[in-house]
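Here the sequence shown is numbered in full-length UniProt numbering, starting from 1 and rising by one per residue. Backbone N, C-alpha and C fix where the C-beta goes; we use that ideal spot for every residue, glycine too.
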Amino acid sequence: MNLLSGEYDCKLDPKGRLVLPAKVKGSLPQASAGQLVLVRGFEPCLVLYPLEAWRVIHDKVMALDEFNEEYRQFQRNFFRGMTEVELDSIGRFMLPGSMRRYAGLEKEAIIVGLGNRCEIWDTARYDEYLIKDQQSFSKLAQKFLTNETGPGGSLAA
1 MNLLSGEYDC KLDPKGRLVL PAKVKGSLPQ ASAGQLVLVR GFEPCLVLYP
51 LEAWRVIHDK VMALDEFNEE YRQFQRNFFR GMTEVELDSI GRFMLPGSMR
101 RYAGLEKEAI IVGLGNRCEI WDTARYDEYL IKDQQSFSKL AQKFLTNETG
151 PGGSLAA
């Protein structure tokens with residue numbers, strides 16, 4: 001699968017549609033055929049998954065025990081507002097009003113490729129969630145990328 005990457009400045013049209021940048025559109029897996037899933041992010045942004053990547057996440061969340069109250073609460077909130085979107089002939093898709101309000105999207109957005117998904121942010125909000133101190137960023141890289149017991153394993157040779 002191609003990796004979704006990069007940052008792209010975008011504009012919403014008056015109807016609330018967003019044009020997916022050509023590089024992002026070109027990186028979508030052919031198996032998804034322009035079918036995408038849009039969900040609320042954990043931060044105030046939207047997350048756009050190719051259908052193929054969404055199915056992996058969906059299956060993990062649905063595998064949680066429905067008889068456990070905490071799991072049900074998570075599922076309810078995770079799937080809240082989830083919507084399937086399809087790209088039109090010029091690569092646009094509709095951002096529902098409730099989703100735009102959640103993410104604070106009005107006229108401009110930034111799309112950020114994160115491997116298997118893209119986040120869609122209000123430009124000002126996105127900047128608030130970035131690490132400003134390079135030393136802090138370096139410490140996180142060291143913590144997550146060089147620790148054998150960390151989530152990503154070791155990148156060291």
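(1) Of all the options G104, G6, K11, K139, which has the alpha carbon lying nearest to the alpha carbon of G26?
(2) Taking only the alpha-carbon atoms, compute the straight-line gap between residue 212 and R125 and give it to the nearest angstrom.
(3) Please classify E119 as buried or exposed, where buried requires at least 16 other C-beta atoms within 10 Å of its C-beta.
(4) Taking DSSP as the reference, what is the three-state secondary structure of K107?
(5) Rank R17, L3, K60 by C-alpha distance to the C-alpha of P50 and give the top, closest one.
(6) Roughly how many angstroms lie between the CA atoms of F144 and I131, to the nearest whole one?
(7) Helix, strand or coil, according to DSSP, for S27 in the structure here?
(8) At what residue ranges does the segment 66-110 contain a whole run of the alpha helix (DSSP H), taking only runs of 4 or more?
(9) Round the Cβ separation of L64 and F74 to the nearest angstrom and send it over; I've been treating them as touching at under 8 angstroms.
(10) Does N68 come within less than 9 angstroms of chain D when only Cβ atoms are used?
(11) Opposite Y129 in the DSSP bridges: which residues?
(12) Can you give the beta carbon distance from L46 to M99, rounded, assuming they're within the 8 angstroms contact cut?
For this structure:
(1) Within the sequence shown, residue 26 is the residue found at index 26, counting from 1. Nearest C-alpha to G26 among G104, G6, K11, K139: G6.
(2) The structure shown does not extend to residue 212, since the chain is modelled only from 1 to 157, so the question has no answer here.
(3) Taking the sequence shown and counting its residues from 1, the one referred to as residue 119 is at position 119. Its Cβ being crowded by 16 or more others within 10 Å, E119 is buried.
(4) As a position in the sequence shown, residue 107 is number 107, starting the count at 1. Looking at K107 - three-state DSSP - the assignment turns out to be coil, as it is neither helix nor strand.
(5) Within the sequence shown, residue 50 is the residue found at index 50, counting from 1. Selected option, being the one with the closest Cα: L3.
(6) The sequence position of residue 144 within the sequence shown is 144, counting from 1. The sequence position of residue 131 within the sequence shown is 131, counting from 1. Looking at the two C-alpha atoms, the distance is approximately 15 angstroms.
(7) Counting from 1 along the sequence shown, the entry for residue 27 is found at position 27. Helix at S27.
(8) 69-79, 97-103
(9) Reading the sequence shown from its first residue, position 64 is the one you call residue 64. Reading the sequence shown from its first residue, position 74 is the one you call residue 74. So it is a contact: roughly 7 angstroms between Cβ atoms.
(10) Given the protein chain composition of this structure (a single chain), no chain D is represented.
(11) The residue labelled residue 129 in the question sits at position 129 within the sequence shown. DSSP output for Y129 lists no bridge partner at all.
(12) Here residue 46 refers to the residue found at position 46 of the sequence shown. Here residue 99 refers to the residue found at position 99 of the sequence shown. Rounded, the Cβ-Cβ distance is 6 angstroms, consistent with contact.
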